[in-house]
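Undergrad:
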Amino acid sequence: MALAEGPCASARKGRLGHAEVFAAIAALSFLVARFLPVLAFPYECPLRALAGIPCATCGMTHAFVHLAYAEVGRALQASPLGAALAAGAWLFAGYDALRLALRLPLPRPGPRLGRVLALVGILALLTNWAFLVVTHR
Amino acid sequence: MLARCYRCQNTFGTEVFGVQKCPSCGAEIYLPEPNPPAAQGEPTPAPQEAVPQGAPQPPQPEPQAAAQPEGAAAPAAAAGTGAPLPIPPPGAGGPGWGPPPPGWTPPRPGSGEAPSVAVEPEAEQSSPFAERARRGFFPSLAQTWRLAAVEPARFFRQVRVDETGSALLFGVICMTLGNWASLVFSYATASATRGVWAQFAQRMGGRFEALPILQAMQGFTLSSFIVQAVVSPLLALAGIYVMAGIFHVFLLMVRAAPRRFDATLTVAAYASGIFLLRALPLCGGLLGTVWFAVVAILGLAHAQRCGTGKAVFAVLMPLVAACLVACAAGMIAAVVVGAGAGNGTPSSTGL
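So the protein sequences, as listed, match chains A and B. Here my numbering is used: position 14 in the first sequence is 14, and no number is missing along the way. Here my numbering is used: position 282 in the second sequence is 1282, and no number is missing along the way.
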């Protein structure tokens, strides 16, 4: 696999860039959630095991797997942010594949939009965590 | 005259200035002319500090040239003239990673021995691992690991951030080797570990739930060992990207990513080389995690030029936020549960 030397260089050389790597990770997550028995693995969150409190990412595996089987309600119940993240990641993977096929440029959000999105993401993570702690105790 | 290569620190004789190759290591270096040709018929002074081969060498010029551990080239002939040196052209090479030669001592501050540009440290250069084709794979891997682990501030301040492919390859190799060693150790000691956990759970008298751990250890078979070993490089690559993404999100929040995602990814990848320490049994994982955090903080501070405070925020804030929110949510849940219990108490007691 030819890894990119930066977004600009990759765009010029037509090689894999960071966006494509993230898209590949997202696509891989769908394949794993859909075709591998990840829920059969006997793993318990260390924070939950020690303190009885779910961590911020608890339930995400269940959310990914349920959404991969189109069980939207169960995915949202397991972790709302996990379900949203899975949907967003898989949509991004599909979009990036389409963008590559059509040779469209990668839209780049400005720094202000990037900061806003980062803040929204952090707030969503914290809200999701509070939801998990309150509902799963 | 004599010049010293910035990269291999070997001296060599040359009769010309400008871009040339080091006869020892082949690096392209730039030897600036001490006094550029004067315009309009002014007499061109001879290089005062030029050191002809065979002639007795004055004591200062060569150390002054080597006195630029981070400088552009090694202008032995230019030292001491006081004239501003021209900026080396692109491709003229950067400062070397190697230590100064034996016996070299830095010039005294304010002694006037070194030209002002000799202290310019900001030239970027490829990491040793990015030059593995010339330096050799394992020597460059070892040198890069040492620089990233022991001298992270200097390394990440100078390393080029547009060579993310080499950085990722370095991180994936180190993480994979560490994971493989850890897997072998876990597989070899799985039976003993199961016994220890079972005994621990028994002594705790049911206060500790060891069943998930025991089930996980039970499932640690040869087939799962092979699967984990095979997917380790892929997981390492994904892990580095995800880690860099998380760091970058927090950097964006405090406007601390002027050099964009490439710099964050470079730091995450080279810093992930620390996880080679997972090869150490028992303590390797914890030691590697703490060391990684330190290297990542220093690396982000210098690679993104954002300062240590913002780098600390980006690296540690996810953990701190996790603790704070868990505590707050736990308190809210306790209050909710307690209120529910309180509502029921009077009716049950008849008060």
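Every residue, glycine too, gets a C-beta built ideally from N, C-alpha and C.
Is it true that the CB of Leu1252 of chain B sits closer than 8 Å to the CB of Ala118 of chain A?
TA: Position 118 of the first sequence, counted from the start, is the residue given in the question as residue 118 of chain A. Position 252 of the second sequence, counted from the start, is the residue given in the question as residue 1252 of chain B. Yes, Cβ-Cβ distance for Ala118 of chain A and Leu1252 of chain B is below 8 Å.
Undergrad: Give me the Cα-Cα distance between Ala1067 of chain B and Glu1028 of chain B, rounded to the nearest whole angstrom.
TA: Your numbering for residue 1067 of chain B matches position 67 in the second sequence. Your numbering for residue 1028 of chain B matches position 28 in the second sequence. Confidence at Ala1067 of chain B is low in this model, with a pLDDT of 38, below 50, so its placement is unreliable and no value can be given for it.
Undergrad: Is the CB-CB distance between Ala1303 of chain B and Phe1156 of chain B below 8 Å?
TA: Counting from one through the second sequence, the residue named residue 1303 of chain B turns up at place 303. Counting from one through the second sequence, the residue named residue 1156 of chain B turns up at place 156. Result yes, Cβ atoms of Ala1303 of chain B and Phe1156 of chain B sit closer than 8 Å.
Undergrad: Note down the Cα distance separating Met1317 of chain B from Phe1261 of chain B, rounded to an integer number of angstroms.
TA: Looking up residue 1317 of chain B in the second sequence gives position 317. Looking up residue 1261 of chain B in the second sequence gives position 261. Their backbone Cα atoms lie some 18 Å apart in a straight line.
Undergrad: Under 8 Å between beta-carbons, which chain A residues line up against Met1253 of chain B? List them in chain order, please.
TA: Mapped onto the second sequence, residue 1253 of chain B falls at position 253. Ordered by position in chain A, the residues that pass the 8 Å Cβ test against Met1253 of chain B are Arg115, Ala118, Leu119, Ile122.
Undergrad: Which chain B residues sit within Cβ distance under 8 Å of Val21 of chain A?
TA: Here residue 21 of chain A refers to the residue found at position 21 when the first sequence is read from its first residue. By Cβ distance, chain B contributes Leu1237, Tyr1241.
Undergrad: Contact criterion: CB-CB distance below 8 Å. Does His62 of chain A meet it with respect to chain B?
TA: The residue given as residue 62 of chain A occupies position 62 in the first sequence. Not an interface residue.
Undergrad: So, does the CB of His66 of chain A fall closer than 8 Å to a CB anywhere in chain B?
TA: Residue mapping note: residue 66 of chain A aligns to position 66 of the first sequence, counting from 1. Not closer than 8 Å to any Cβ of chain B, the Cβ of His66 of chain A fails to qualify, so no.
Undergrad: Between which two residues does the beta strand (DSSP E) carrying Thr1011 of chain B extend?
TA: By one-based count along the second sequence, residue 1011 of chain B stands at place 11. Unbroken beta strand (DSSP E) run through Thr1011 of chain B: 1011-1013.
Undergrad: Using beta-carbon positions only, say whether Gly59 of chain A and Gly73 of chain A come within less than 8 Å of one another.
TA: Working through the first sequence from its first residue, we reach residue 59 of chain A at position 59. Working through the first sequence from its first residue, we reach residue 73 of chain A at position 73. Contact: no.
Undergrad: With three or more beta-carbon pairs closer than 8 Å as the criterion, would you say the region 82-91 of chain A touches the region 53-68 of chain A?
TA: Flag = yes, the region 82-91 of chain A and the region 53-68 of chain A touch.
Undergrad: Return the Cβ separation of Cys45 of chain A and Pro37 of chain A in integer angstroms, given the expectation that the two are a contact with Cβ distance under 8 Å.
TA: Reading the first sequence from its first residue, position 45 is the one you call residue 45 of chain A. Reading the first sequence from its first residue, position 37 is the one you call residue 37 of chain A. That belief does not hold up - the Cβ atoms of Cys45 of chain A and Pro37 of chain A are roughly 19 Å apart, past 8 Å.
Undergrad: Please check if any C-beta of chain A sits within less than 8 Å of the C-beta of Phe1313 of chain B.
TA: For the purposes of this step, residue 1313 of chain B is taken as the residue at position 313 of the second sequence. Not one chain A Cβ lies under 8 Å of Phe1313 of chain B.
Undergrad: Using a Cβ distance threshold of 8 Å, determine whether the region 1271-1278 of chain B contacts the region 1173-1181 of chain B, with at least three qualifying pairs required.
TA: Cβ pair count under 8 Å is three or more, so yes.
Undergrad: Can you give the Cα-Cα distance for Thr1289 of chain B and Ala1271 of chain B, rounded to whole angstroms?
TA: The residue given as residue 1289 of chain B occupies position 289 in the second sequence. The residue given as residue 1271 of chain B occupies position 271 in the second sequence. Cα-Cα distance, rounded: 10 Å.
Undergrad: Got a sec? Which residues, its chain only, sit under 6 Å from Phe41 of chain A by beta carbon, not counting five neighbours each side?
TA: Here residue 41 of chain A refers to the residue found at position 41 of the first sequence. Within the same chain, Phe41 of chain A has no close Cβ partners at all.
Undergrad: Compare the C-beta of Val1249 of chain B with all C-beta atoms of chain A and state if any pair is closer than 8 Å.
TA: What you label residue 1249 of chain B is simply residue 249 of the second sequence in a count that begins at 1. Val1249 of chain B counts as touching chain A.
Undergrad: Leu1031 of chain B bridges to which residues according to DSSP?
TA: Locating residue 1031 of chain B in the second sequence gives position 31, counting from the first residue. Leu1031 of chain B pairs with B:Gly1018.
Undergrad: Please go through the same chain and pick out, in chain order, the residues whose beta-carbon is closer than 6 Å to the beta-carbon of Thr1011 of chain B, but skip the five residues on each side of it.
TA: Working through the second sequence from its first residue, we reach residue 1011 of chain B at position 11. The answer, listed in chain order, is Leu1002, Arg1004.
Undergrad: Please tell me whether Arg1154 of chain B and Ser1126 of chain B are closer than 8 Å, where the distance is taken between their beta carbons.
TA: Within the second sequence, the letter at position 154 stands for residue 1154 of chain B. Within the second sequence, the letter at position 126 stands for residue 1126 of chain B. Contact flag unset, no.
Undergrad: In whole angstroms, give me the CA-to-CA distance for Ala1228 of chain B and Ala1181 of chain B.
TA: Against the second sequence, residue 1228 of chain B aligns to sequence position 228. Against the second sequence, residue 1181 of chain B aligns to sequence position 181. For clarity, residue 1228 of chain B is Gln in the given sequence; the question names Ala instead. Whole-angstrom Cα-Cα distance: 12 Å.
Undergrad: Would you call the region 1240-1259 of chain B and the region 91-105 of chain A in contact, with 3 or more CB pairs under 8 Å?
TA: The region 1240-1259 of chain B is not in contact with the region 91-105 of chain A.
Undergrad: Answer with yes or no whether the minimum CB distance from Leu1265 of chain B to chain E is below 8 Å.
TA: The chain inventory of the structure shown lacks chain E, comprising the protein chains A and B.
Undergrad: Can you tell me which of the three DSSP states Leu47 of chain A falls into?
TA: On the first sequence, position 47 is the one that residue 47 of chain A refers to. If DSSP states are grouped into helix, strand and coil, Leu47 of chain A belongs with the helices.
Undergrad: Could you tell me the distance, in whole angstroms, from the CA atom of Val1254 of chain B to the CA atom of Ala1311 of chain B?
TA: Here residue 1254 of chain B refers to the residue found at position 254 when the second sequence is read from its first residue. Here residue 1311 of chain B refers to the residue found at position 311 when the second sequence is read from its first residue. In a straight line, the C-alpha of Val1254 of chain B is about 10 Å away from that of Ala1311 of chain B.
Undergrad: Since Val1295 of chain B contacts Ala1148 of chain B with CB under 8 Å, what's their CB separation in whole angstroms?
TA: Against the second sequence, residue 1295 of chain B aligns to sequence position 295. Against the second sequence, residue 1148 of chain B aligns to sequence position 148. Correct: roughly 6 Å between the Cβ atoms.
Undergrad: Among all the DSSP beta bridges, which residues are the ones paired with Arg1004 of chain B?
TA: In the second sequence, residue 1004 of chain B corresponds to position 4, counting from 1. BP columns for Arg1004 of chain B point to B:Thr1011.
Undergrad: Can you check whether the C-beta of Phe1261 of chain B is within less than 8 Å of a C-beta belonging to chain A?
TA: Here residue 1261 of chain B refers to the residue found at position 261 when the second sequence is read from its first residue. Yes, because at least one Cβ of chain A sits closer than 8 Å to the Cβ of Phe1261 of chain B.
Undergrad: With a threshold of 16 other CB atoms inside 10 Å of the CB of Thr127 of chain A, please say whether the residue is buried or exposed.
TA: To locate residue 127 of chain A, count along the first sequence from 1; it is residue 127. Looking at its Cβ environment, which holds fewer than 16 other Cβ atoms inside 10 Å, Thr127 of chain A is exposed.
Undergrad: Going by DSSP, which residues form a beta bridge with Gln1125 of chain B?
TA: The residue given as residue 1125 of chain B occupies position 125 in the second sequence. In DSSP, Gln1125 of chain B forms a bridge with B:Val1159.
Undergrad: Would Val1320 of chain B and Ile1297 of chain B be called neighbours here (beta carbons separated by less than 8 Å)?
TA: Counting from one through the second sequence, the residue named residue 1320 of chain B turns up at place 320. Counting from one through the second sequence, the residue named residue 1297 of chain B turns up at place 297. No, the pair does not count as a contact, with Cβ atoms beyond the cut-off.
Undergrad: Quick check on Tyr1270 of chain B: does DSSP put it in helix, strand or coil?
TA: If you number the second sequence from 1, residue 1270 of chain B lands on position 270. Helix at Tyr1270 of chain B.
Undergrad: CA-CA distance, Arg1132 of chain B and Arg1203 of chain B?
TA: As a first step, residue 1132 of chain B must be located in the second sequence, where it is residue number 132. As a first step, residue 1203 of chain B must be located in the second sequence, where it is residue number 203. Rounded to whole angstroms, Arg1132 of chain B to Arg1203 of chain B spans 53 Å at the Cα level.
Undergrad: Taking the alpha-carbon positions, what's the Phe1200 of chain B to Ile1226 of chain B distance?
TA: Counting from one through the second sequence, the residue named residue 1200 of chain B turns up at place 200. Counting from one through the second sequence, the residue named residue 1226 of chain B turns up at place 226. Going by the C-alpha atoms only, they are around 29 Å apart.
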